[in-house]
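So the structure is just underneath, and the comments pick up after that.
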Amino acid sequence: MGCIREDGTDEEVVVKFRAGCDMKERSLVAEALAALLAADLDLPIPEPFIVRIDPAFAAIIPDADARVKAEASIGWNFGSKRLPSGFSTIPKDQPVPSRLIDEAAEILAFDTFIANSDRTVDNPNCQSNGKQLAIFDHELATQNTIEYIKHLVMNIDSAISNLVEALK
Ligand SMILES: Nc1ncnc2c1ncn2[C@@H]1O[C@H](COP(=O)(O)OP(=O)(O)O)[C@@H](O)[C@H]1O
Ligand SMILES: [Mg+2]
Numbered sequence: 391m392g393c394i395r396e397d398g399t400d401e402e403v404v405v406k407f408r409a410g411c412d413m414k415e416r417s418l419v420a421e422a423l424a425a426l427l428a429a430d431l432d433l434p435i436p437e438p439f440i441v442r443i444d445p446a447f448a449a450i451i452p453d454a455d456a457r458v459k460a461e462a463s464i465g466w467n468f469g470s471k472r473l474p475s476g477f478s479t480i481p482k483d484q485p486v487p488s489r490l491i492d493e494a495a496e497i498l499a500f501d502t503f504i505a506n507s508d509r510t511v512d513n514p515n516c517q518s519n520g521k522q523l524a525i526f527d528h529e530l531a532t533q534n535t536i537e538y539i540k541h542l543v544m545n546i547d548s549a550i551s552n553l554v555e556a557l558k
């Protein structure tokens, strides 16, 4: 959605309404912390924002579902700068381009560090334009560590064999 930065300039931001998150404010704190950490580690994450939704704006959203969520999310929400055109999800039957393998491995390590169980083959929460990757959706980070360990144990074989396959 079109947002206004503190300095008055416009920005296109993908906003995550906290009312739509399973763990409400906690999900958005996880998003913000993961985004700042990823940026610090030079991982490819769109610029994060804290977005203030005000009641007058929420009231005029034409789509009823979005309006209800926005009205339940008045105040602070998490957002990320909208990726430029050209980014899309890498189809799951295609290998990660070889120049991006190292960064993909760093993202795997990052997910392990933040206990993010939400990046899977079917739900990569990652897009590419062929030259760069972009990661998003860290609301589950640190929230369900036991589930994450189960996920890791069940998927580590396929994650490693995908990497080995891609490196051939
Ligand atoms: N910064 C962004 N730029 C462009 N598209 C985005 C961005 N962030 C999220 N999206 C799109 O919105 C979808 C939903 O966002 P996501 O953070 O994954 O939320 P959810 O918890 O609903 O999966 C993503 O799959 C992606 O297609
Ligand atoms: Mg997602």
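Taking my numbering, the leading residue of the sequence shown gets 391, the next gets one more, and so forth. From the three backbone atoms N, C-alpha and C, an ideal C-beta is built for every residue, glycine too. The structure displayed is predicted, hence computed values, not measured ones.
Taking only heavy atoms of ligand 2 into account, decide whether any of them is closer than 6 Å to the Cβ of residue i.
i	result
asparagine 506	no
aspartate 432	no
asparagine 515	yes
aspartate 527	yes
Assuming residue i is part of the alpha helix (DSSP H), what are its boundary residues?
i	result
aspartate 501	491 to 504
alanine 405	One point to set straight first is that residue 405 is valine, not alanine, in the sequence displayed. Careful: valine 405 lies outside any alpha helix (DSSP H), inside the beta strand (DSSP E) at 400 to 406.
lysine 482	Run containing lysine 482: none; DSSP gives neither H nor E here.
serine 475	First-last for serine 475: undefined, no H or E at that position.
serine 417	414 to 430
Going by DSSP, what residues sit across from residue i in a beta bridge?
i	result
proline 438	Ser470
leucine 382	Outside the displayed span of the chain (391 to 558) sits residue 382, for which this structure offers no information.
isoleucine 443	Gly465
cysteine 393	Glu401
Any heavy atom of ligand 1 inside 6 Å of the beta-carbon of residue i?
i	result
phenylalanine 439	no
valine 405	no
leucine 530	no
Can we count residue i as close to ligand 4, meaning its CB is less than 6 Å from some heavy atom?
i	result
arginine 408	Ligand 4 is not part of the structure shown, which contains ligand 1 and ligand 2 as its ligands.
Item to complete: Decide yes or no for the touch test of the region 545 to 556 against the region 434 to 446: beta carbon pairs closer than 8 Å, at least 3 of them.
Response: Proximity of the region 545 to 556 to the region 434 to 446 falls short of the contact definition, fewer than three beta-carbon pairs being nearer than 8 Å.
Discussion item. Does the region 393 to 413 come into contact with the region 522 to 533, if we say contact requires no fewer than three beta-carbon pairs (one atom in each stretch) closer than 8 Å?
Written reply: Three or more beta-carbon pairs separated by less than 8 Å link the region 393 to 413 to the region 522 to 533, which places the two stretches in contact.
Worksheet entry | Cβ contact check for the region 507 to 515 and the region 391 to 405: 3 or more pairs under 8 Å | The answer is no - the region 391 to 405 does not touch the region 507 to 515, with fewer than three Cβ pairs under 8 Å.
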